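I have placed the structure first, in the form of structure tokens, so that the comments after it can refer back to it.
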Amino acid sequence: MLPLVLASTSPARRALLGALGLPFQAVAPGVDEAVPPGTGVEEAVRRLAQRKARAVASRFPGALVLGADQLGDVDGRLLAKAATREEARAQLRALAGRTHRLLTAVCLAGGGKEETRVEEARLTFFPLVEAEVEAYLDTKEWEGCAGSYRVEGRGQALMARIDGDRTAIQGLPMQAVVQLLRGRGVRLLG
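Numbering (the working numbering), first residue to last: -16 to 173.
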């Protein structure tokens, strides 16, 4: 089996992949995460996951490399990682009491092949009062998260409904990952 490399240093992604019990190395992809203005959210998240996988695969040519990314979409507006508390506040306010899409892409590159999958989840926030928004911002969970929330933490309290693969929402769609790895002949059990 080719060595497995995760093109991410995200603790959530490392934990999800680690649960499979396979040995792997996590490497920072070090790529530009900008996408051209006007790029649709599905195309943008696909490109970012591919960019990460390709960047790391170029440094580890004898490995299978998993790259992933995640973006939200509310009213056709892209929800990426907020750079400041003010941006995070604006995102949370925009999501309060509403349903939005969260797209997670995963790309498996290496061994002369590349395959990408995009998973979609729909999340509905409770209506939030300003004190709830500020209290959640105080947790700092919003940092580094598309849409400024983290469902594996205190962000669960924001959600009225979640439709979709919870592992995808956490950053790495494990059903898709398992399918991709099995498709490459990776033995996951035994």
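Using N, Cα and C, we set each Cβ at its ideal position, and we do this for glycine too. All of these numbers come straight from a predicted model, not from anything done at the bench.
Coarse secondary structure for G50, derived from DSSP in three states: strand
What would DSSP say about L0, mapped onto helix, strand or coil? helix
According to DSSP, is E70 part of a helix, a strand, or is it coil? helix
So for T82, helix, strand or coil by DSSP? strand
Kindly list the residues whose CB is nearer than 8 Å to the CB of L61, restricted to its own chain and excluding five residues on each side of it in sequence; keep chain order. V24, A27, L54, G55
Can you tell me where the alpha helix (DSSP H) holding E135 begins and where it ends? Element bounds for E135: n/a, residue is neither H nor E.
Out of D58, G93, L(-11), which one is the CA nearest neighbour of G166? G93
What does A104 pair with, by DSSP beta-bridge criteria? L85
Within a Cβ cutoff of 7 Å, which residues of the same chain sit near C128, ignoring the five residues on either side of it in sequence? K64
Buried or exposed (CB count within 10 angstroms, at least 16 for buried), R105: exposed
M232 lies in the alpha helix (DSSP H); which residues open and close that run? As displayed, the chain neither begins before -16 nor continues past 173, which places residue 232 out of reach and without an answer.
For A11, which residues does DSSP report across the bridge? A11 is not bridged to any residue.
Just the C-alpha distance for A(-2) and L141, rounded to the nearest angstrom, thanks. 23 Å
By Cβ distance, which residues of its chain are closer than 7 Å to R72, with the 5 residues on each side in sequence left out? V116, L120
Flag this pair as yes or no: are the beta carbons of A51 and A77 separated by less than 8 Å? no
Given R30, which residues of its chain have a CB within under 8 Å of its CB, disregarding the five upstream and five downstream residues? V18, T22
Taking its Cβ as the centre, do 16 or more other Cβ atoms sit within 10 Å of K35, making it buried, or is it exposed? buried
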